[in-house]
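Contents: one structure, followed by commentary.
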Amino acid sequence: MTSSFRPHIVRLAGYVPGEQPQGGGYIKLNTNENPYPPSPRVLDALSRALTDRLRLYPDPVATEFRRAAAALHEVEPDMILAGNGSDDLLTILTRSFVGQGDLAAYPTPSYLLYSTLIRLEDGREHVVPYTPEWTLNLADFDRPDLKLVYLANPNSPSGTSLSRHQVAELARALPCPLVVDEAYADFAEEHCVSLVRDHPNVIVTRSFSKGYSLAGIRLGYLVAQAAIVDQLLKVKDSYNCDALSLVAGAAALEDQDYLGLARCKVLATRRRLTAALRDLGYAVPDSQANFVWATGGPPARETFEQLKERRVLVRLMSYPGYPAGLRISIGTDGEIDRLLQILTKLK
Ligand SMILES: *Cc1c(COP(=O)(O)O)cnc(C)c1O
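Its first residue numbered 35, the sequence shown is counted upward by one per residue in our numbering.
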């Protein structure tokens with residue numbers, strides 16, 4: 035039956051998400067989940083939503099949720115689109131802007147899903163390398179036929195960020211929409227939502243999986259000008275977000291104090307982990323996210339295996355032309371102590 039598939043699907047290797055071991059017993063520092071629980075308000079809102087209303091379809095346009103997100107960002111609700119995780123929004127955007135043979139760009143090393151999404155549409159990829167200082171050259175985007183550009187900001191795996199000013203410059207230079215994937219913005223000093231008003235081609239995506247400790251419910255949203263959101267609404271599945279996710283997401287957005295507390299703890303641990311890894315001889319760029327990127331220590335694959343043997347999972351990543359490295363999520367202080375204890379012994 036394989037021969038019945040469209041050839042570009044058969045050619046595609048497929049995106050491989052980080053390992054999600056289903057047995058317990060691992061210290062999980064490999065997919066950037068938040069080590070702290072979600073806001074108690076989220077759990078309250080979820081238990082209140084567990085009624086016989088679950089027999090009804092959810093609101094297809096997520097009215098209440100959009101209102102909460104719009105209030106937080108001081109934009110209008112028609113500038114918000116909810117998605118089944120920000121990955122769903124990235125799919126909707128790719129389907130909307132990239133057709134067969136169309137050119138779409140993303141930097142490398144970065145989030146590998148962009149490549150998969152372009153190839154699923156049988157589009158063409160334009161890959162722009164980061165400089166050794168983790169910046170981008172605008173000239174590398176000088177392709178008049180670009181249909182879409184993705185930018186993870188903060189970037190994964192480096193954890194580094196372009197400034198809002200640099201992102202605005204990129205947006206102005208592009209002939210197409212710029213998706214600013216802000217999955218990690220809750221841990222960063224700056225974000226780009228305020229660019230949306232003056233830059234009609236800027237689309238900012240957000241996730242509940244990292245800052246809000248809700249990777250399990252699958253919810254994200256984007257902020258863009260209303261004329262863009264109007265078109266995207268036609269592309270999404272009718273009921274792309276379920277009733278429980280929408281309720282949980284609105285409650286999470288409304289508890290910014292809680293988000294701030296969890297963020298403070300993660301940032302303190304990030305500082306400590308960065309310093310300790312540098313002391314051990316690793317090169318670690320200053321991170322704006324809830325993970326750090328460590329290269330230049332002992333061979334990354336061996337370290338990865340040795341950590342795994344001791345039940346600590348980190349993410350081993352390698353990109354063509356760049357040294358392999360370990361992307362390490364910021365866990366609790368206890369989890370990071372355990373990681374550092376093992377790395378110190380391996381040294
Ligand atoms: C985790 C991540 C996402 C996916 O977020 P979900 O909301 O869980 O789908 C998107 N982009 C980047 C760069 C990420 O690291």
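Backbone N, C-alpha and C define an ideal beta-carbon position, used for all residues, glycine too.
Whether residue i touches residue j by CB criterion (8 Å)
i	j	result
residue 150	residue 164	no
residue 158	residue 46	no
residue 161	residue 185	no
residue 225	residue 205	no
residue 187	residue 196	yes
residue 237	residue 146	no
residue 123	residue 208	no
residue 73	residue 217	no
residue 326	residue 304	yes
residue 329	residue 359	yes
residue 341	residue 376	yes
residue 175	residue 139	yes
residue 114	residue 104	yes
residue 66	residue 324	yes
residue 283	residue 99	yes
Expected contact under 8 Å - CB spacing of residue i and residue j to nearest Å
i	j	result
residue 243	residue 71	Rounded, the Cβ-Cβ distance is 14 Å, inconsistent with contact.
residue 319	residue 168	6 Å
residue 296	residue 68	6 Å
residue 288	residue 102	6 Å
residue 94	residue 276	That pair is no contact at about 11 Å.
residue 369	residue 61	5 Å
residue 227	residue 107	5 Å
residue 374	residue 310	5 Å
C-alpha distance - residue i paired with residue j, whole-angstrom precision
i	j	result
residue 279	residue 117	10 Å
residue 48	residue 317	30 Å
residue 63	residue 192	15 Å
residue 314	residue 54	28 Å
residue 363	residue 220	14 Å
residue 202	residue 211	12 Å
residue 367	residue 268	45 Å
residue 199	residue 229	9 Å
residue 380	residue 348	15 Å
residue 285	residue 111	16 Å
residue 156	residue 51	21 Å
residue 343	residue 300	26 Å
residue 223	residue 240	15 Å
residue 129	residue 259	18 Å
residue 79	residue 306	35 Å
residue 396	residue 86	Residue 396 is absent from the model: the chain starts at 35 and stops at 381.
residue 57	residue 170	41 Å
residue 77	residue 332	43 Å
residue 290	residue 132	35 Å
residue 298	residue 352	30 Å
residue 81	residue 59	28 Å
residue 270	residue 357	38 Å
residue 135	residue 125	17 Å
residue 38	residue 252	32 Å
Burial state of residue i, where buried means 16 or more other Cβ atoms lie within 10 Å
i	result
residue 35	exposed
residue 183	buried
residue 322	buried
residue 281	buried
residue 337	buried
residue 292	buried
residue 190	buried
residue 148	buried
residue 40	exposed
In chain order, what residues place their C-beta within less than 5 Å of a heavy atom belonging to ligand 1?
119, 120, 121, 145, 186, 190, 215, 217, 241, 243 and 254
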